[in-house]
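Trainee: Have a look at this one.
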Amino acid sequence: MTPTHYLLLSALLFSIGAVGVLVRRNAIVVFMCVELMLNAVNLTLVTFARVQGSVQGQVMAFFVMVVAAAEVVVGLAVIMSIFRTRRSTSVDDANLLKH
Amino acid sequence: MVLADAAVLAQQAPTGASSGEAVVFWVLGPLAVLGALGMVFARSAVHSALWLALTMLSIGVLYLAQNAQFLGFTQIIVYTGAVMMLFLFVLMMVGRDASDSVVEVLRGQRLAAGLLGIGFAGLMAAGLGRALVNVRPAPPLDPWSPQGGGAGGLGRLIFTDYLFPFELTSVLLITAAIGAMVLSYNGRGQPERRTQREQVRERLLGRRVSPLPGPGVFATSDSVATPALLPDGSVAPESMAEILDSTPAADLDEDRARVVGDPEPPTRALVGRRIPIQGLGVEPGAVPHQPGRNGGSDHGGPDSGGSENDGSESGGVRNGGPQNGGVRNGGAHTSNGGRGNGSAAPSPSEEVKR
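In structure tokens, the structure reads:
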């Protein structure tokens with residue numbers, strides 16, 4: 000049971016989140032995958048803080064949490080306004096710039 | 000399998016962490032991966048959110064296991080408590096039944112994404128596994144040391160070295176809150192703006208075309224109790240509040256006396272024609288006024304009630320003729336009565352000076 004296990008778990012979660020961002024079409028689910036990637040990075044930060052024996056990494060994780068919370072609020076508001084105008088949350092439907 | 004792994008790793012406990020932590024890791028780590036996979040592969044978005052909540056809960060407990068107590072509880076409260084519920088709220092508002100489209104817009108995109116994910120995970124795992132062999136965690140921080148450990152050390156750092164970024168986060172949060180309000184405001188809540196055409200149509204089809212007379216128009220006082228006068232000098236009934244119009248004046252005497260302290264009514268007030276005025280200081284022996292002169296009260300004409308022969312038609316100037324409100328009031332005009340017995344009735348010259 001070494002910190003490497005945590006780092007491997009974190010890398011796995013990050014990869015799953017990245018794949019989810021690429022394959023899912025629902026904007027809300029894509030957003031959740033981004034949240035998962037942020038959480039995986041947080042786990043890495045906490046693990047390295049433990050390896051270093053300091054709390055600097057935890058401070059970083061704390062700030063990541065704050066920014067993620069703000070990002071979730073604004074992102075969900077954007078998704079809602081897109082839904083209101085296009086009646087869909089699929090990322091394929093928001094292609095106005097293409098035409 | 001997990002238990003076997005845990006047992007194997009428990010033997011390595013002296014090298015790194017405690018066996019309890021190994022059990023926690025090998026139970027919650029696979030749960031976190033399971034939740035992440037479930038989130039990606041669940042067809043319903045609500046199921047995805049619930050799977051992600053499982054993952055975040057597991058990660059929060061892993062924080063706790065790594066001596067990051069504050070972050071662990073923050074993770075549980077903020078992420079699984081607030082953020083995931085926010086996701087669920089939005090999911091319920093925004094097409095919960097909108098299932099994901101299975102149409103591949105880009106050919107082979109999913110396969111490529113899957114390969115990329117596996118390759119990325121393999122690279123990371125190989126790199127980490129080779130680079131981080133035999134990494135030992137530092138001994139846990141002493142919470143009572145000057146640097147502080149756990150939540151105390153975190154707080155000390157945030158409020159000393161990272162104070163400015165910490166204050167910037169407050170700016171960020173306020174901006175995010177305002178942005179969310181602006182973005183999610185849908186413009187409802189204000190009445191539809193009526194066009195001029197609609198307004199005119201409504202008015203012409205309504206009960207009255209002209210605007211309602213306001214109280215005090217062409218009257219001597221701007222009190223609500225003073226009715227408006229029509230061009231012929233009569234009282235416009237629409238201008239009187241119904242409650243005032245239907246209340247006998249005698250009923251109001253008590254209130255008026257309490258407010259004013261003087262039973263004498265306002266000398267210049269007109270009173271609506273439907274109110275028979277009695278007992279407002281009218282002397283029993285007061286001389287009834289000539290109908291043509293009563294309108295003088297509106298104007299406050301010189302001594303309109305005191306003597307009968309000096310008022311002339313001064314009140315009528317404003318009331319537009321001798322057929323003034325006094326006629327419709329059916330005599331016993333309040334203000335005239337009040338003035339009639341007033342001993343200090345001003346002389347015509349005094350009144351003019353006013």
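Quick mapping for you: the protein sequence lines, in order, are chains R and Z. Just so you know, we're using numbering that gives the first Met the number 0 here: the first sequence kicks off at 0 and counts up by one. Just so you know, we're using numbering that gives the first Met the number 0 here: the second sequence kicks off at 0 and counts up by one. The beta carbon of each residue, even a glycine, is placed where N, CA and C say it ideally should be.
Thinking Z/Ala150 and Z/Gln68 are a contact (beta carbons under 8 Å), I'd like their distance in whole angstroms, please.
Mentor: The Cβ separation is near 6 Å, so the contact holds.
Trainee: In or out: R/His4 buried (at least 16 other Cβ within 10 Å) or exposed?
Mentor: Per the 10 Å Cβ criterion, buried.
Trainee: Would R/Gly52 and Z/Pro139 qualify as a contact pair, given that the criterion is a beta-carbon distance under 9 Å?
Mentor: A contact, by the Cβ cut-off of 9 Å.
Trainee: Is the beta carbon of R/Leu11 less than 9 Å from the beta carbon of Z/Leu61?
Mentor: Contact flag unset, no.
Trainee: Is the region 173-183 of chain Z in contact with the region 68-80 of chain R, if contact means three or more CB pairs nearer than 8 Å?
Mentor: Touching, yes, given that three or more Cβ pairs across the two stretches are closer than 8 Å.
Trainee: What are the residues in the region 43-61 of chain R lying within 8 Å of chain Z by C-beta distance?
Mentor: Residues Val45, Thr46, Ala48, Arg49, Val50, Gln51, Gly52, Ser53, Val54, Gln55, Gln57, Val58, Ala60 and Phe61.
Trainee: Select from Z/Val77, Z/Leu56, Z/Ser245 and Z/Val26 the residue whose C-alpha is nearest the C-alpha of R/Val66.
Mentor: When only C-alpha atoms are compared, the closest one is Z/Val77.
Trainee: Could you give the DSSP three-state label for R/Asn94: helix, strand or coil?
Mentor: Looking at R/Asn94 - three-state DSSP - the assignment turns out to be coil, as it is neither helix nor strand.
Trainee: Within its chain, find whatever has a CB closer than 7 Å to the CB of R/Arg24; leave out the 5 residues flanking it on each side and keep chain order.
Mentor: Closer than 7 Å at Cβ, skipping near neighbours: Ser89, Val90 and Asp91.
Trainee: Using a C-beta to C-beta distance shorter than 8 Å, which residues of chain Z count as neighbours of R/Val72?
Mentor: The answer, in chain order, is Leu85, Ala175, Ala176, Gly178 and Ala179.
Trainee: What residues are listed by DSSP as bridge partners for R/Leu42?
Mentor: In the DSSP output, where bridge partners are listed per residue, R/Leu42 has none listed.
Trainee: Just to confirm, are Z/Phe119 and R/Ala17 a CB contact at a threshold of 9 Å?
Mentor: Yes. Within cutoff.
Trainee: Let's test the definition: count the other Cβ atoms within 10 Å of the Cβ of R/Leu44 and tell me whether it reaches 16, buried, or not, exposed.
Mentor: R/Leu44 should be labelled buried.
Trainee: Quick one: Cα of R/Pro2 to Cα of Z/Phe24, how far?
Mentor: Cα to Cα, R/Pro2 sits roughly 11 Å from Z/Phe24.
Trainee: Output yes if chain A places a C-beta closer than 9 Å to the C-beta of Z/Ile58; else output no.
Mentor: Here chain A cannot be found, since the structure's protein chains are R and Z.
Trainee: Just to make sure I have the definition right: I need the residues of chain Z whose C-beta is within less than 8 Å of the C-beta of R/Ala93. Which are they?
Mentor: Per Cβ cutoff of 8 Å: no residues; R/Ala93 is ~12 Å from chain Z at best.
Trainee: Mind checking Z/Met83: buried by the 16 CB within 10 Å criterion, or exposed?
Mentor: That one is buried.
Trainee: Is there at least one Cβ from chain R nearer than 9 Å to Z/Pro138's Cβ?
Mentor: It does; some Cβ of chain R falls within 9 Å.
Trainee: Put Z/Leu211 into one of helix, strand or coil per three-state DSSP.
Mentor: Of the three classes helix, strand and coil, the one that applies to Z/Leu211 here is coil, per DSSP.
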